[in-house]
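Protein chains: 2
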Amino acid sequence: MPNTERLEKIAKLIRYFSLISTTEAGSGHPTSSLSAADLMAGLLFGGFFRYDAKQPNHPNNDRLIFSKGHASPLFYAMWAAAGEVTEEELMTLRKFGSRLEGHPTTAFRFTEASTGSLGQGLSIGLGMALNAKYVDKLPYRTYVLLGDSEMAEGSQYEALQIASFYELDNLVGIMDVNRLGQRGETMYGYNLAVYEKRVSSFGWETLLIDGHSLPEILTAYEKALTIRNKPVMIIAKTIKGKGVSFIEDKNGWHGKALNKEELARALKELDTVDTAIRGEISKPDELRPAEKVSQKAAQISYEKDKSVATRHAYGNALVRIFPQFPEMVVLDGEVSNSTFAEIFKKAYPERFFEMYIAEQNMVGTALGLSRRGKVPFVSTFAAFFTRAFDQIRMSRYSDANIKFCGSHAGVSIGEDGSSQMGLEDIAMFRTLLDSVVLYPCDAVSTERLVEEAAQYKGIVYIRATRKDTPIIYDSNEEFRIGGSKVVRKSDKDAVTVLGAGITLHEALGAYEELKNEGIFIRVIDLYSIKPLDDAMLYKAASDTNSIITVEDHFAEGGIGEAVRSALADRDVPIHCLSVRKVPRSGKPDELLDYEDISRNAIIRKVREIL
Amino acid sequence: MPNTERLEKIAKLIRYFSLISTTEAGSGHPTSSLSAADLMAGLLFGGFFRYDAKQPNHPNNDRLIFSKGHASPLFYAMWAAAGEVTEEELMTLRKFGSRLEGHPTTAFRFTEASTGSLGQGLSIGLGMALNAKYVDKLPYRTYVLLGDSEMAEGSQYEALQIASFYELDNLVGIMDVNRLGQRGETMYGYNLAVYEKRVSSFGWETLLIDGHSLPEILTAYEKALTIRNKPVMIIAKTIKGKGVSFIEDKNGWHGKALNKEELARALKELDTVDTAIRGEISKPDELRPAEKVSQKAAQISYEKDKSVATRHAYGNALVRIFPQFPEMVVLDGEVSNSTFAEIFKKAYPERFFEMYIAEQNMVGTALGLSRRGKVPFVSTFAAFFTRAFDQIRMSRYSDANIKFCGSHAGVSIGEDGSSQMGLEDIAMFRTLLDSVVLYPCDAVSTERLVEEAAQYKGIVYIRATRKDTPIIYDSNEEFRIGGSKVVRKSDKDAVTVLGAGITLHEALGAYEELKNEGIFIRVIDLYSIKPLDDAMLYKAASDTNSIITVEDHFAEGGIGEAVRSALADRDVPIHCLSVRKVPRSGKPDELLDYEDISRNAIIRKVREIL
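Chains as they are written, first to last, in the numbering used here: chain A, 1453 to 2062; chain B, 1453 to 2062.
Printed below as a string of structure tokens:
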């Protein structure tokens, strides 16, 4: 057992750093930092945490995630106490250009994942622990610092259940129960028994401790190492603002920095701070995951004109490209027989993780895996990704490399009705900076675009269709992010129709019927919705007098608005056909007609224009 | 205790209806319906449920919500067994135009809320129970039928904790544990003890029963009535497909209708079905909520040029307009001191409900309150509404009348950084059919628009700003949904700048500086983003040579794209300034400059155009 006197000194230094940096910033969360200072000092410098600060990306480093991201002053102070951040840099906290942002972001090299939206850290840690135990097979451990307030988020219980389901005994949660939330007391205050009962009911080992007693803290970390086949939650009773009497356990001090005068009083209370002392962090064993060799993916061969659902091709593609992308892992939310992720599960069961009906945790877990160098493909119904919009949004700020596949897009799913129809998914994924949104219309383009998605570093969304659609491309046809295909073209095209996915086939149907009347339309497969193929759009705008977009999605934030933005500086009229009525149950064709996005609707619109 | 023989007969009739209707439809979920048939027969016709079928909206009717919405065949079959749906209509299940959709929607008069996205029914029921106990003060009870698979959703645990926090002894959950999910077994199969331990750890009374024994079922409902100060969960062990041997407890039968031949075999097994028998539902006591009298809201009076945050004006407005809208209730997600909903809480504590950091449940609860005639105002940080996108999306399909207020919009919040910045909220709320999106720039317009929101029947989103902004309008100025204000105008305007919220003030700053150079711009306050003021936009398009939109939001699905759609048939160039870089921590002005949405950015763009 390490010398706790020395740790007490380091904890005091961490408190000191947390206080001076927030006062300098004029804002921030000192009280939420002080409550967890002893817990973090004990973890980082008590000999339990193994981390090579010179190699933050070392595959066998232990991982620490601040789920309570507002305690960032503590996070930065810890690393200052480790000698990795200078006092000078500490004083740049929250200033423009500083790596030390208001909530931890990946701009700071020791941040495992950007946090600040509460209730997400445990899922991210779960992903890292899953990676250690089942993928990289390394002994590193993952620690997650949690606030008591954020235990109200349902996502926490999603993570608790999946972590115990996968028996993650390499995952340790540290719950900082300081009783006070932002605007007052939490639902349970200091009733730690409630947390213990709940967390253990989810199959976790629980350890109740005084979060300001270093001996108890060290004993808990030691005990945690001995637990097998289940995760451990250390539930620590702490005091918000601990160490500064006039802010201790006081309401109204959340997210408030001390002014200069208050700081002076606080520092007087801290008494002598050894500002020269620095903590030692143990080094990890020099272990790395087994080398993974990449082999070229097999060729694809689909019979042209045969009908195959793009969601089915998605499943086929995952199996086909895995040899080429050995860092791939596949997650699905209890619908793998609908998304066809089950094809991958059957071929590579050790790389498939069933996430059950808990989409928030599924996305958080994918982020954790991504941050450990994996390439997660995550699937559920397009509609149900809305469940995890906050996790998706936050994953962008962690530079995630995740591929999302949403099946059952649009009203064309038919009888199941509105609750199952993804009609906002394009708008949602388009909002993410630098995101890629792909929407293939047949099996060949799906296979190719899944490959492109795996190549691309970043967030990619693949929109898949429920019903079978005819294969219109040769198996050797090539597709690229930012591309498009002109599938019908003549020198007398009156109008350009931009379709994608299901509506591309409606456009082709309209083409045939109009051709019989001697009306020719250009039909373009807009399989890359973000980025768009601007060059092709410009050409269509100059070649034809008007453009029609057709999408099985709501108008707002969809394909029509994307195209209008891309052609903002061209004065070609753009007519947008999209879902504008509350969808109902019915046959796919009935619904496409009802929403005016069918071949008939396209034909009507073309006639109206001419 | 009612005669169970008769109930057995009715349960058999319900099974019969569930089977024939799904076979006729050729799809649907018969097996998920059969597992809960006895539970529902016992509830509806066992004398416990009190409902006047002639008055579905009777304020004192008990409420039943099918959280496992895919069991809709059972739902419709129950009402057929009650004599409220003809066998003929039953056979229209899932057909276009039928009220009997694939998942229950409000098109069917006995549907309390549209369901089908799992894990939402308990929150909706919580809202209805909250209404009964604290608002309408009526003795009606709310029952929620839950699947075991959907218990993986975190939203369930958000609802469990809040329901026990509010001691809702008028809320009864009925968990149909049939062991099988869509693609296989649930995490816990028939381990009912796990559910019991978990649910009771959240403060609920739990009753374990055999879900196919009517005596046990009736005893449980009777017992449930006697529990005080806590909600009750009946955890029933059931068999998926119960009653038809060859589909009982079999994997691969989820969401699959029997073909004609299988149906014949199934009906032979059901043996004699009394198709003439109908069940009796008890009537509710003739009670109604106390009359609420509406008085005109007080006048507003703000000092012009004084600076007040719009989020603060939101809080003031709630208190001011409550007398005029006595059906109002206010919900907040543990940030009422930031959204200023706390001002309402202090004035009308009995109408304020703290929802803690659990946004999914907060929105589901608001839907339940809305379906009982209340007008919920729901607030949190704009960014955190993304947490509840699925619930928001689904609330639209229940014709919700909910007002959302998102504070801390955009990068202008400053130091807290990206995790706290709402930059996708406009895109998200715009996707909802018929939604209204409002974005006031000062306290006066906020007060007026909160009033307009309360008037409007439907979903309204109000976007609020963190920092204080100067009041630019007289207190008697009028604002309307679909309106806008021309705040700077001359006969030599070269460019029109469309701002909203924080950026309107940036546009005004740009106006002053450009004026000194003899350049005049028209400045318009686009406070109603959806619907837009088309007439004004057309006028600006014809009066000036180009238009600039400026928004503290990402480009996709935001104000720029909305304006481009509105002006699609005009050929005025539209330049869109929006957030296009990963935001950082910093001072509001530094961040507005960094993202090129500040007065300086507007000035640069205007010069570039001229």
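The beta carbon of each residue, even a glycine, is placed where N, CA and C say it ideally should be.
Predicted model only: the values in this text are computed from it and were never measured.
Anything in chain A within Cβ reach of B/Thr-1557, meaning under 9 Å, just list it in chain order.
Gly-1869, Ser-1870, Ser-1871, Val-2034, Arg-2036 and Ser-2037
Cβ shell of B/Gly-1606 (< 8 Å), same chain only, five flanking positions each side left out:
Counting only Cβ-Cβ distances below 8 Å, and skipping sequence neighbours, we find Gly-1571 and Gln-1812.
Looking at chain A, which residues of the stretch 1475-1496 of chain B have a Cβ within less than 9 Å of any of its Cβ atoms?
Ala-1477, Gly-1478, Ser-1479 and Gly-1480
What does the alpha-carbon distance come out to for the pair B/Ala-1818 and B/Arg-1803?
12 Å
Using a Cβ-Cβ distance under 8 Å, would B/Pro-1508 count as near chain A?
When Cβ-Cβ separations below 8 Å define contact, B/Pro-1508 makes no contact with chain A.
Buried or exposed for B/Asp-1723, please, with buried defined as at least 16 other CB atoms from any protein chain shown within 10 angstroms of its CB.
exposed
For A/Tyr-1963, report the span of its alpha helix (DSSP H) as first-last.
1954-1968
Per-residue burial, B/Gly-1625 [other beta carbons within 10 Å of its own, 16 or more giving buried]
buried
Closer than 8 Å, Cβ to Cβ, to anything on chain A: give me those residues from the stretch 2015-2026 of chain B, in chain order.
When C-beta distances to chain A are compared with 8 Å, the residues of the stretch 2015-2026 of chain B below that value are Arg-2016, Ser-2017, Ala-2020, Asp-2021, Asp-2023, Pro-2025 and Ile-2026, in chain order.
Quick one: is B/Lys-1650 near chain A, going by C-beta distance under 8 Å?
Correcting the residue identity first, residue 1650 of chain B is Arg in this sequence and not Lys. Yes, B/Arg-1650 lies at the interface with chain A (some Cβ there is under 8 Å from its Cβ).
Identify the contact partners of B/Phe-2006 in chain A, using a Cβ-Cβ distance below 9 Å as the criterion.
Arg-1882, Thr-1883, Leu-1884 and Leu-1885
Mind checking which residues open and close the alpha helix (DSSP H) that includes A/His-1664?
Neither: A/His-1664 is in no alpha helix (DSSP H) and is coded neither H nor E.
Let me see if you follow: with CB-CB separation under 8 Å, is B/Asp-1842 close to chain A or not?
So, interface residue.
Please report the straight-line C-alpha distance between A/Ser-1746 and A/Pro-1778, rounded to a whole angstrom.
6 Å
Please go through the same chain and pick out, in chain order, the residues whose beta-carbon is closer than 8 Å to the beta-carbon of A/Asp-1995, but skip the five residues on each side of it.
Asp-1945, Thr-1948 and Arg-1974
Output yes if chain B places a C-beta closer than 8 Å to the C-beta of A/Met-1639; else output no.
yes
Please state whether the Cβ-Cβ distance between B/Thr-1690 and B/Ala-1852 is less than 8 Å.
no
Tell me which same chain residues have a C-beta within less than 6 Å of the C-beta of B/Phe-1805, skipping the five on either side of it?
Counting only Cβ-Cβ distances below 6 Å, and skipping sequence neighbours, we find Leu-1783.
Roughly how many angstroms separate the alpha carbons of B/Asp-1726 and B/Ala-1534, rounded to a whole number?
13 Å
Given A/Lys-2057 as reference, the closest of A/Ile-2000, A/Asp-1628, A/Leu-2019 and A/Val-2034 once Cα atoms are compared
A/Ile-2000
Anything in the stretch 1601-1618 of chain A with a Cβ closer than 8 Å to a Cβ of chain B? List those residues in chain order, please.
Ser-1601, Glu-1602, Ala-1604, Glu-1605, Gly-1606, Ser-1607, Gln-1608, Tyr-1609, Glu-1610, Gln-1613 and Phe-1617
By the 8 Å beta-carbon criterion, what residues does the stretch 1781-1804 of chain B contribute toward chain A?
Glu-1786, Val-1787, Ser-1788, Asn-1789, Ser-1790 and Glu-1794
I need the straight-line Cα distance from A/Gly-2038 to A/Asp-1628, nearest angstrom please.
51 Å
Kindly list, in the order they appear in chain A, the residues whose Cβ is closer than 8 Å to that of B/Tyr-1849.
Ser-1870, Ser-1871 and Val-2034
Among A/Ala-1716, A/Ser-1665, A/Asp-1985 and A/Leu-1495, nearest to A/Ser-1936 - alpha-carbon criterion
A/Asp-1985
For A/Leu-1528, which of A/Arg-1467, A/Phe-1841 and A/Leu-1660 has the nearest alpha-carbon?
The sequence shown places Tyr at residue 1528 of chain A, not Leu. Checking every option, the nearest Cα to that of A/Tyr-1528 belongs to A/Arg-1467.
If the cut-off is 8 Å on Cβ atoms, which residues from the stretch 1580-1592 of chain B count as contacting chain A, listed in chain order?
Taking 8 Å as the Cβ-Cβ cut-off against chain A, none of the residues of the stretch 1580-1592 of chain B qualify.
Shorter than 8 Å from the beta carbon of B/Ile-2061 to some beta carbon of chain A?
no
Separation of B/Ser-1575 from B/Ala-1835, as counted between CA atoms
Going by the C-alpha atoms only, they are around 21 Å apart.
I'd like to know if the stretch 1922-1937 of chain B and the stretch 1854-1868 of chain B are in contact, where contact means that at least 3 CB-CB pairs between them fall below 8 Å.
no
State yes or no: is the beta carbon of A/Thr-1838 nearer than 8 Å to at least one beta carbon in chain B?
yes
Can you name, in chain order, every residue of its own chain whose Cβ lies under 7 Å from the Cβ of A/Thr-1544, other than the five neighbours on each side?
Ser-1550 and Leu-1552
CA-CA distance, B/Ser-1998 and A/Arg-1740?
59 Å
In chain order, what residues of the stretch 1964-1992 of chain B put their CB closer than 7 Å to some CB of chain A?
Result list empty, no residue passes.
Helix, strand or coil at A/Pro-1736 according to DSSP, with G and I counted as helix
coil
Start and end residues, alpha helix (DSSP H) containing B/Leu-1950
Taken as a continuous stretch (DSSP letters only), B/Leu-1950 belongs to no alpha helix (DSSP H), being part of the beta strand (DSSP E) at 1947-1951.
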